[in-house]
Amino acid sequence: MRPLTPKEKRLLILFLALVFIVGNLIGLPWLSDQQKKLSRQLVDLRSQQEVATSWLGEKALWTERKAWLDAHQPKLVSSGDASSDFLKLLQDTARQNKIKIVDQKLLEPEKHPGYEAISVRMTVNGNMEAIARWLSAIQQPDKFHAVLKFNLKREGEGDNMRCDLDLARWYAPPS
Numbered sequence: 319m320r321p322l323t324p325k326e327k328r329l330l331i332l333f334l335a336l337v338f339i340v341g342n343l344i345g346l347p348w349l350s351d352q353q354k355k356l357s358r359q360l361v362d363l364r365s366q367q368e369v370a371t372s373w374l375g376e377k378a379l380w381t382e383r384k385a386w387l388d389a390h391q392p393k394l395v396s397s398g399d400a401s402s403d404f405l406k407l408l409q410d411t412a413r414q415n416k417i418k419i420v421d422q423k424l425l426e427p428e429k430h431p432g433y434e435a436i437s438v439r440m441t442v443n444g445n446m447e448a449i450a451r452w453l454s455a456i457q458q459p460d461k462f463h464a465v466l467k468f469n470l471k472r473e474g475e476g477d478n479m480r481c482d483l484d485l486a487r488w489y490a491p492p493s
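According to the numbering used here, the sequence shown is numbered sequentially starting from 319.
See the structure below:
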């Protein structure tokens, strides 16, 4: 192999400089994008770390709540029996509060990771005070009842109201 002439050396240096410049023109924006992406990921991870740290700070509270749920939440034996019992309870308490049930329908039981739900869709009529008293009576924490949907409208003249609502009772998942 013969040695390079001065002209070939200049061309080689020029070619390598050109490759270096083109490489930088292509590589620097890519590196900049990667740095921005990693910065965003770092911000997200720090945010997740703060949330996790706050959850760890509340561990005793949530452990206590879990123990209370385990001790008090009813277990679902039969969804059919539970549905009829829940519907009967709602009917009886509505009657006690002088609320007229216009329509009622059992909904499909739902399974969730932490609980199972038995739901009822109802339309009731009554005065505002009676409906509020009824909802307050059935929606106590230790009863595991919840109002999932609620729509209240005035029914004609006077203080009579029409209330469309979905109610649920939550049961502990099977062990």
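C-beta atoms are modelled at their ideal positions from N, C-alpha and C, and glycine is treated no differently.
Coil, strand or helix - R320 by DSSP: Locating residue 320 in the sequence shown gives position 2, where the first residue counts as 1. Coil, per DSSP.
Whole-angstrom C-beta distance between N478 and N443, which should lie under 8 Å: If you number the sequence shown from 1, residue 443 lands on position 125. If you number the sequence shown from 1, residue 478 lands on position 160. Going by Cβ atoms, the distance from N443 to N478 rounds to 6 Å, so yes, they are a contact pair.
Those residues which DSSP pairs with K471 across a bridge: By 1-based counting over the sequence shown, the position of residue 471 is 153. K471 pairs with R480.
DSSP bridge partner residues for T441 (one or two, in chain order): The residue you call residue 441 lines up with position 123 of the sequence shown. In DSSP, T441 forms a bridge with D421, D482.
Three-state secondary structure (DSSP) of K327: As a position in the sequence shown, residue 327 is number 9, starting the count at 1. It is helical.
Own chain, CB closer than 8 Å to E473, minus 5 neighbours either side, in chain order: Reading the sequence shown from its first residue, position 155 is the one you call residue 473. Contacts found: N443, M479, R480.
Per-residue DSSP class, three states only, for E376: Within the sequence shown, residue 376 is the residue found at index 58, counting from 1. In the structure shown, E376 sits in coil (DSSP, three-state: anything other than H, G, I, E or B).
Candidates K467, S372, H463, of which the one nearest P392 by Cα: Position 74 of the sequence shown, counted from the start, is the residue given in the question as residue 392. It is H463 whose Cα lies nearest to the Cα of P392.
Reduced DSSP secondary structure (H/G/I, E/B, other) of E428: Position 110 of the sequence shown, counted from the first residue, corresponds to residue 428. In the structure shown, E428 sits in a strand (DSSP, three-state: E or B).
Straight-line Cα distance separating V369 from R358: Within the sequence shown, the letter at position 40 stands for residue 358. Within the sequence shown, the letter at position 51 stands for residue 369. In a straight line, the C-alpha of R358 is about 17 Å away from that of V369.
Rounded Cβ spacing between S397 and P427 (contact assumed at less than 8 Å): As a working note, residue 397 is residue 79 in the sequence shown. As a working note, residue 427 is residue 109 in the sequence shown. Yes, S397 and P427 are in contact; Cβ-Cβ is about 4 Å, under 8 Å.
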